[in-house]
Amino acid sequence: MLDTVVLFFALGFAARLAKSELKLPAPLYEALSIYLLLAIGLKGGAELAKQNVLTVLPQVGAVLLLGVFTALLAFALLRAGRIAHADAAAIAGHYGSVSVVTFAVASNTLVSQGIDFEAVMPLFLVLMEVPGIVAGILLARLLGPRDASTPVAWGPLLHEVFLGKGLVLLVGGLLIGWVAGSDGLAPMKPFFGDLFKGTLCLFLLEMGLVAAGQIGGLKRGGLFLAGFAIVMPLLGAMMGTAFALMMGLSVGGTMLLATLAASASYIAAPAAMRIAIPEASPGLSITCALAITFPFNLLAGIPIYLWMARLAHSMAG
Amino acid sequence: MLDTVVLFFALGFAARLAKSELKLPAPLYEALSIYLLLAIGLKGGAELAKQNVLTVLPQVGAVLLLGVFTALLAFALLRAGRIAHADAAAIAGHYGSVSVVTFAVASNTLVSQGIDFEAVMPLFLVLMEVPGIVAGILLARLLGPRDASTPVAWGPLLHEVFLGKGLVLLVGGLLIGWVAGSDGLAPMKPFFGDLFKGTLCLFLLEMGLVAAGQIGGLKRGGLFLAGFAIVMPLLGAMMGTAFALMMGLSVGGTMLLATLAASASYIAAPAAMRIAIPEASPGLSITCALAITFPFNLLAGIPIYLWMARLAHSMAG
Amino acid sequence: MLDTVVLFFALGFAARLAKSELKLPAPLYEALSIYLLLAIGLKGGAELAKQNVLTVLPQVGAVLLLGVFTALLAFALLRAGRIAHADAAAIAGHYGSVSVVTFAVASNTLVSQGIDFEAVMPLFLVLMEVPGIVAGILLARLLGPRDASTPVAWGPLLHEVFLGKGLVLLVGGLLIGWVAGSDGLAPMKPFFGDLFKGTLCLFLLEMGLVAAGQIGGLKRGGLFLAGFAIVMPLLGAMMGTAFALMMGLSVGGTMLLATLAASASYIAAPAAMRIAIPEASPGLSITCALAITFPFNLLAGIPIYLWMARLAHSMAG
Amino acid sequence: MNTHPIKLVVLVCEAALEKPLCADVKRLGARGYTVVDARGAGRRGERDGSWDEDRSIRMEVLCDAPTADAILNHVQAAYFRNYAMTVYTADIGVLRPEKFGPS
Amino acid sequence: MNTHPIKLVVLVCEAALEKPLCADVKRLGARGYTVVDARGAGRRGERDGSWDEDRSIRMEVLCDAPTADAILNHVQAAYFRNYAMTVYTADIGVLRPEKFGPS
Amino acid sequence: MNTHPIKLVVLVCEAALEKPLCADVKRLGARGYTVVDARGAGRRGERDGSWDEDRSIRMEVLCDAPTADAILNHVQAAYFRNYAMTVYTADIGVLRPEKFGPS
Ligand SMILES: Nc1ncnc2c1ncn2[C@@H]1O[C@H](COP(=O)(O)O)[C@@H](O)[C@H]1O
Ligand SMILES: Nc1ncnc2c1ncn2[C@@H]1O[C@H](COP(=O)(O)O)[C@@H](O)[C@H]1O
Ligand SMILES: Nc1ncnc2c1ncn2[C@@H]1O[C@H](COP(=O)(O)O)[C@@H](O)[C@H]1O
Ligand code: NA
Ligand code: NA
Ligand code: NA
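Chains as they are written, first to last, in our numbering: chain A, 58 to 374; chain B, 58 to 374; chain C, 58 to 374; chain D, 11 to 113; chain E, 11 to 113; chain F, 11 to 113.
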């Protein structure tokens, strides 16, 4: 059964399609995203504090690699479909990175179904934000048409990627949660814990409004891109599942890693890509990531990836 | 005794009269109203889910009629007082519709006094948003001075009315609450439930600031309008009480229907009226609805309507 | 040990120093400060309601005096350091007034350490907002270079000071809390009570961003001002401790009064000073108050003042 | 660098008119517009933007002279009588004049 | 469509000056003004609008030339020395010039 | 009151360009800039400002003619091809012209 939070996405989507006046004020959107990023980081950090972090060090490399691989896979598919080089690289960057809200909905699903997962998952979320984006930029700049007039200014770019709102809040939250531990965070639990789901609802309402507003991009993008935005998450999830098995994750952890690999970023990636690959049409990436892949993951993907994780674990023995 | 929430209205009112700098940022006002509309819808929907909705179908017609009747009554009173045709129609539209926050305060009063009311009341709130507005527009356009140059563009108008922020969030919330039920909403209760009263306080603070800012309009409006803004809610409440008795509502439900009939809209109606009856002075409607009727209902009306409902039930019963 | 809330300040500070993109939208900053001021007022008011307020009347005069004294002390120090007259007066006004958030963190520290304090403390917070500011203005205007062209317009100025956002919300909250009492506020507790610490965290995050942004002012201010911004709170705290002993406050109350005297305003004072002493450079005051004294108080001051209070009480008997 | 002369039309009015105005200027031939939130005061009193009904917008339209004329004519006929509104025009210079020409 | 020449005065300054400036321009004869929130940088450093003391506003006043002069004179005397402020004027065209004439 | 003629350059573009543009105009000689949040529509479709990627800004730069030229040249070369952007210039008058002169 669908989680209630998804209904808010549907409400926003429907309202926008019906051309309703409904609009969340821009500062509210910003406030909600700041809250969600911090809250996810804090919760993850407090969980991590209970663990011996050293044991996960070997997994870190695998997770970083997974981000790069999904970006490469996306790029290969898109070029095979004759998408222009710059556009393919930009879209690949979005799919190489991850969607924080998709992660939130997926872990929420696990919690409400009583399925455990590794405390380290939010750290993986953070780790997977960046490598896919960097891979996308490299694909654009190294393999792209030689265009001497626009060398990449890596300085500002890496700054944008590593010091953007998303990563700073996630990492900051992680560190604070890790230092403070569950006890230190207890007084903030009514705020950062209890309100999480309700805030997620409001954010999904806004995402529905935005996603439906991007539907128009589908015409420009064409059937191939629409197909890509559904096939890619499925392939990404398979890759994520395979990695999870190798890393020895539980069923819940496997499903979450698959979801991360299947999801496409729309907080960190668009801002970075706009500056790094300006010749790519931002509409295409956003339409794929937000208008198709995001709702697909919410509605169909998450249950599929759970089923996938169970299947893989039963097969793997 | 007065409910605490009303004190926040008084604070805002006093601060503005004293020309304080205090001002809520506009996006906060929007965020609070989005929250309140959604929360009321969700709560109502979850209550409805426990019911057989079919049994209320006959009541729906009565409630829609009540909206139209209060608009007609207001219009008749205003024209009797020589208020210009367009102004009378616009004000009638405001009084034919309902005030969501007045409803929230009234139901809050019932809850804190331990008085039950029908689960279907939030649905009635939603139903009563629109008919009064439409009646106001029709009064302006059909009975008004023949002015061939401004035919009503019903398309955009109905769009404005039905797809405005207010109705979309109320109806959307109602549907989500109805689909999800109390169980599905449980994880959002800390957000949409527990925070309701505090958010209402902040909103009432802002309403106090805005209402006091409209006091200046009283001079332009004159004594007749000021009197209207107090008499009309009382008459509306009587009409609402009568309808409630016919519909077989409980004491709590009767009081709420009376409150709905007594209240005047300042979320949905002003926006719609500004487009539909541009020749009406918006200041007049807002001054009546917000600077007089709204505080009157908060301070005096709600207790009166409860007393009225009890009286009517004891007489009827 | 440091309270967790301080880590959020550190995160904001570090993010800004690293030139991160992170920025809280301005309306969110306003919303958070409105919430904090109201919540502190409400809580204080509800505590006061349990008391016989008349017994504190004699203390009121002492507290008002303390504000004036800290302003005079600051002014004397600054003039001794050859800071320009207007700048010295403006900075003195900031230090004569108080920092609401420092108070919040300090009382939070007491609560988590299980140390009681007088219910009347929030009233003292309110009382200490104004006199230091007025003293600063008088110092600028009465002792300043005779400059006939700019007489003080006391009307708008006192309006600004007494009817500014800060005081209206604190006093309004205090009154509402006092009228409603703990019982009347109970339904708002999930909002104004339980969320307090989380909201404080977000506010401190923003304060960290702002404070780090003012670091540049240190260069202009020079070493003397930097030293002042650390010595002044220590001297203020001693003065506050002495006053507290004379007033017969408990250890907790003593520490809070010391903190108030040690803290510098950055909500009420900057706005008032900008209008009242325009020839003072606003950057200097803000750099001292926000970039040095505020973090100093959070990190080192609060524990010191608690130790000071204990020492004083053990010495006093 | 050579800029080409073109008209700037600025409309300051109640926020309720944003949607109709956007449609109007496009219909009358403008190829775009820019809107910012505003507050202010004028003949119809103070509009301090503190709540929905009190907000104003400031819209800028770059267009050729005939389109500017058409916009002025239209808003004068449609909105001047009943709405808080201020309109002015200025002569400015643009690169790429075809971007703002008749559509 | 015939527009009438009139002055536009634009003042960009610290948000703290909003209230005094509104009173000033009215007193000096302007019939209205329009304000938007702004951020920026200038001689007095960066003002990025992230908190109360760092916010700027951009105010527009349409008025006749003598009023424009009076406003320029006043703000120069009252604010230039101590506040972050930038002022410029432009010649623009309006309909209904009486709306902006001496009050 | 005598004002001195100077150039006003207005740039309306995607919010993503705010930081680079601020750096650009300073580098090219401008002594300041003023930015407001905006929404709008143009050749590249509607940008309604409802979320991060959809926001626009409107930047004003007061500067002398050579600096204005340099800014126009630079943004044309650097941004016109790939970004939503509209630029125009106007002749306006300022007090204290040295405040906007070459830095
Ligand atoms: N003289 C003026 N200068 C600048 N803006 C004005 C002026 N008069 C009116 N406005 C703006 O236009 C809006 C509507 O004007 P009005 O129709 O005169 O009430 C006001 O709310 C102001 O924002
Ligand atoms: N050359 C300029 N072009 C555009 N805006 C400017 C310029 N100089 C200053 N400003 C604006 O005016 C404000 C105050 O300027 P200032 O007094 O130079 O610090 C700045 O914060 C900017 O918003
Ligand atoms: N004709 C116009 N008048 C006013 N603003 C415009 C115009 N065309 C474009 N704009 C603004 O410039 C932005 C970028 O334009 P464009 O590159 O044409 O999409 C738009 O989002 C509008 O805010
Ligand atoms: Na991915
Ligand atoms: Na009604
Ligand atoms: Na102090």
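For each residue, glycine too, the CB sits at the ideal point set by N, CA and C.
6 Å CB neighbourhood of A100(F) in its chain, flanking five on each side removed | L18
Decide yes or no for the touch test of the segment 162-182 of chain A against the segment 102-122 of chain A: beta carbon pairs closer than 8 Å, at least 3 of them.
-> yes
What residue range is occupied by the uninterrupted beta strand (DSSP E) comprising D101(F)?
-> 95-104
Paired residues, beta bridge with D47(D) - DSSP | I67(D)
Interface residues of chain C facing A48(E) [CB-CB closer than 9 Å] = Going along chain C, no residue has its Cβ under 9 Å from A48(E), so there is no contact; the nearest lies around 11 Å.
Assign T112(B) to buried or exposed, taking buried as 16 or more other Cβ atoms, counted over all protein chains shown, within 10 Å of its Cβ.
-> exposed
Nearest neighbour of S92(E), chosen from L226(C), A373(C), A333(C) [CA to CA] | Reading off the sequence shown, one finds Asn at residue 92(E), where the question assumed Ser. Checking every option, the nearest Cα to that of N92(E) belongs to A333(C).
CB Y362(B) to CB A286(B), shorter than 7 Å?
-> no
Just the C-alpha distance for A348(A) and P290(A), rounded to the nearest angstrom, thanks.
-> 13 Å
DSSP puts L21(F) in a beta bridge; with which residues?
-> M69(F), V97(F)
Looking at T13(F) and ligand 6, is the gap between the Cβ and the nearest heavy atom below 6 Å?
-> no
At a cut-off of 6 Å, is T298(B) close to ligand 5 when judged by its beta-carbon and the heavy atoms of the ligand?
-> no
Would you mind stating whether Y43(D) and V71(D) have Cβ atoms separated by less than 7 Å?
-> yes
Please name the residue in S239(C), V288(C), S338(C), L355(C) whose C-alpha comes closest to that of T127(C).
-> V288(C)
What does a CB cutoff of less than 7 Å around V117(C) pick up in its chain, not counting 5 residues either side in sequence?
-> L184
Could you name the residues of the same chain whose beta carbon sits closer than 8 Å to that of S206(A), not counting the 5 residues immediately before and after it, in chain order?
-> A caution first: S206(A) carries a pLDDT of 49, below 50, which makes its placement in the model unreliable, though a value can still be read off. Correct list: empty, nothing qualifies.
For P115(B), three-class secondary structure by DSSP = helix
Within the 7 Å Cβ cut-off, does Y89(F) reach chain D?
-> no
Please decide whether G52(D) counts as near chain E, where near means a Cβ-Cβ distance under 7 Å.
-> yes
Is S320(B) near ligand 5, with its Cβ less than 6 Å from a heavy atom?
-> yes
At which residues does the beta strand (DSSP E) containing G55(F) begin and terminate?
-> 55-57
Excluding the 5 residues preceding and the 5 following A75(C) in the sequence, name in chain order all residues of the same chain whose CB lies nearer than 8 Å to its CB.
-> none
Determine the burial state of I102(D): buried for a count of at least 16 other Cβ atoms within 10 Å of its Cβ, exposed for fewer.
-> buried
Check the DSSP bridge columns for H14(F) and list the partner residues they point to.
-> V104(F)
Cα-Cα separation between P339(B) and G150(B), rounded to whole angstroms = 12 Å
Quick one: give me the first and last residue of the alpha helix (DSSP H) that I81(E) is part of.
-> 75-88
Name the one or two DSSP bridge partners that G52(F) has.
-> G55(F)
Does DSSP put S206(A) in a helix, in a strand, or in coil?
-> Note on S206(A): pLDDT 49, under 50, position unreliable in the model; no value is reported.
A145(C) lies in the alpha helix (DSSP H); which residues open and close that run?
-> 142-153
Is there at least one Cβ from chain D nearer than 7 Å to I122(E)'s Cβ?
-> This structure gives no information on residue 122(E), because the portion of chain E shown stretches from 11 to 113.
Residues, ordered as in the chain, of the segment 352-372 of chain A that lie near chain F by beta-carbon distance below 9 Å | none
Buried versus exposed call for A373(C) [16 or more other C-beta atoms within 10 Å across all chains shown] | exposed
May I ask you to check if the CB of V125(B) is nearer than 6 Å to at least one heavy atom of ligand 8?
-> With respect to ligand 8, the structure shown offers nothing to examine, as its ligands consist of ligand 1, ligand 2, ligand 3, ligand 4, ligand 5 and ligand 6.
Taking only beta-carbon atoms, is A100(E) less than 7 Å away from chain F?
-> yes
Terminal residues of the alpha helix (DSSP H) in which L239(C) lies = Per the sequence presented here, residue 239(C) reads as Ser, with Leu not at that position. 222-242 is the span of the alpha helix (DSSP H), which, as asked, contains S239(C).
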